[in-house]
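Okay, structure first, notes after.
In mature numbering (1 follows the signal peptide of the UniProt record, and there is no 0), the protein residues as written are -23 to -1, 1 to 297.
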């Protein structure tokens, strides 16, 4: 158990100290700025030029809301990358992100596809869950809400990776926090069955905090570091709670091992998120590989949920 806690703590520290430590030097370089300004002057500086630009703009880029300035910045990324590779033998970041090859208007096509796979995993497994678990079973409705939260989270993740805008970025971050918080609520509810007063108190507190979190990032300051610390803190509580509970009940409830395995695998895939590297072939970065890795974890997680609900039904732990 001490080794597990040590692993989780180490990953948490790495996530908070390394994930946003890389400099975003590409968008600050003179090569990029000169290219962008020249492109903007040529294509976007007057209404007439913008109209001419949009008339030539491909439909897919219009649908994905690439405006004139966005297009100039995108077109100037790769000449800047070529200069950095030639002069410094490195690939720079732009606005905190690696450069990706744009495909069908998508900025990060691999992460977009991986997000859809995660979304589909939730839909696929809740259908199996509903076939095997009765609606009268304890935790039945909470697991259905898990699916709704998961679908919403991965839908916004898909949109954000398709097209990074201030709105899609905020929605992706807010929904990610909501998923982690709800998973923690599920843990508290599961380990304190029947204590409705506690459930109401914890649920209300979490809802209030989530509301404050959204308000702070939306209207006070969009602080990446603060958002990451919140995610890591809640995720750490999640992991410690579920793993501790799984180890405690595994002899009476062997299926709980699935829960622990799901958490540990998720933590291991976090290493991909921390191990930051330029996109392979301009498409696959560490973040996309992490998302591809989490898609099958949902299958194991829901299997745990199914067996746990069946166990609770059998032992008659639920209350009407």
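Using N, Cα and C, we set each Cβ at its ideal position, and we do this for glycine too.
Keep in mind that this is a model prediction, so the values were computed, not measured.
By a C-beta neighbour count over all protein chains shown, 10 Å radius and 16 as the cutoff for buried, is residue 231 buried or exposed?
exposed
Cα-Cα separation, residue 248 to residue 25
When rounded, the distance between both Cα atoms is 49 Å.
Residue 19 versus residue 202: straight-line alpha-carbon distance, rounded:
37 Å
Extent of the continuous alpha helix (DSSP H) to which residue 81 belongs:
No alpha helix (DSSP H) contains residue 81, which DSSP labels as neither H nor E.
Leaving aside the five residues before and after residue 227 along the sequence, list all residues of the same chain whose C-beta is less than 8 Å from its C-beta, in chain order.
233, 234, 237
Residue 71 (DSSP reduced to helix, strand or coil)
strand
Residue 262 versus 70, 154, 149, 284, residue with shortest Cα-Cα distance:
70
Beta-carbon separation (whole angstroms), residue 41 vs residue 6, contact threshold 8 Å:
Going by Cβ atoms, the distance from residue 41 to residue 6 rounds to 26 Å, so no, they are not a contact pair.
Looking only at its chain, what residues have a beta carbon closer than 7 Å to the beta carbon of residue 102, apart from the 5 residues adjacent to it on each side?
275, 276, 279
One or two residues paired with residue 30 in a DSSP bridge:
None, per the DSSP bridge assignment.
Following a CB-centred definition, is residue 227 positioned closer than 7 Å to any heavy atom of the ligand ADP?
Annotation note on the ligand ADP: not contained in the displayed structure, which lists no ligands.
Residue from 260, 3, 187, 273 whose Cα sits closest to the Cα of residue 89
260
Please list the terminal residues of the continuous alpha helix (DSSP H) segment that includes residue 120.
117 to 139
Identity of the residue in 22, 140, 174, 271 nearest residue 38 by Cα:
140
Boundaries (first-last residue) of the alpha helix (DSSP H) holding residue 168:
143 to 168
Can you tell me whether residue 92 is buried or exposed, with buried defined as 16 or more other CB within 10 angstroms of its CB?
Burial call: buried.
On the three-state DSSP scale, how would you describe residue 260?
coil
Assigned exposure category for residue 271 - 16 Cβ within 10 Å defines buried
buried
Exposure label - residue 73; buried when at least 16 CB within 10 Å:
exposed
Can you tell me the Cα-Cα spacing of residue 78 and residue 200, whole angstroms?
27 Å
Can you check the segment 185 to 272 for any alpha helix (DSSP H) of at least 4 residues that lies completely inside it and give the ranges in chain order?
201 to 226, 233 to 251, 263 to 271
For residue 81 and residue 131, believed in contact at Cβ under 8 Å, the rounded distance
About 19 Å separates the two Cβ atoms, so there is no contact after all.
Span of the alpha helix (DSSP H), counted from its first residue to its last, around residue 21:
Looking at the DSSP string, residue 21 is not in any alpha helix (DSSP H), and its letter there is neither H nor E.
I need the DSSP call for residue 278, collapsed to helix, strand or coil.
helix
Whole-Å CB distance - residue 76 paired with residue 55, under 8 Å assumed
That belief holds up - the Cβ atoms of residue 76 and residue 55 are roughly 7 Å apart, short of 8 Å.
Which word fits residue 189, buried or exposed, when buried means at least 16 other C-beta atoms lie within 10 angstroms of its C-beta?
With fewer than 16 other Cβ atoms within 10 Å, it is exposed.
From 136, 187, 153, residue whose alpha carbon lies closest to that of residue 87:
136
The alpha helix (DSSP H) spanning residue 35 covers which residue range?
Counting along the chain, residue 35 falls outside any alpha helix (DSSP H), and DSSP gives it neither H nor E.
Residue 120 and residue 286 look like a contact to me (Cβ under 8 Å); what is the Cβ gap, rounded to whole Å?
7 Å
Across the segment 146 to 159 and the segment 204 to 214, are there enough close Cβ pairs to call them in contact, namely three or more that are closer than 8 Å?
The segment 146 to 159 vs the segment 204 to 214: in contact.
Run of the alpha helix (DSSP H) containing residue 60, from where it starts to where it stops
45 to 65
Does the distance from the C-beta atom of residue 283 to that of residue 110 stay below 8 Å?
yes
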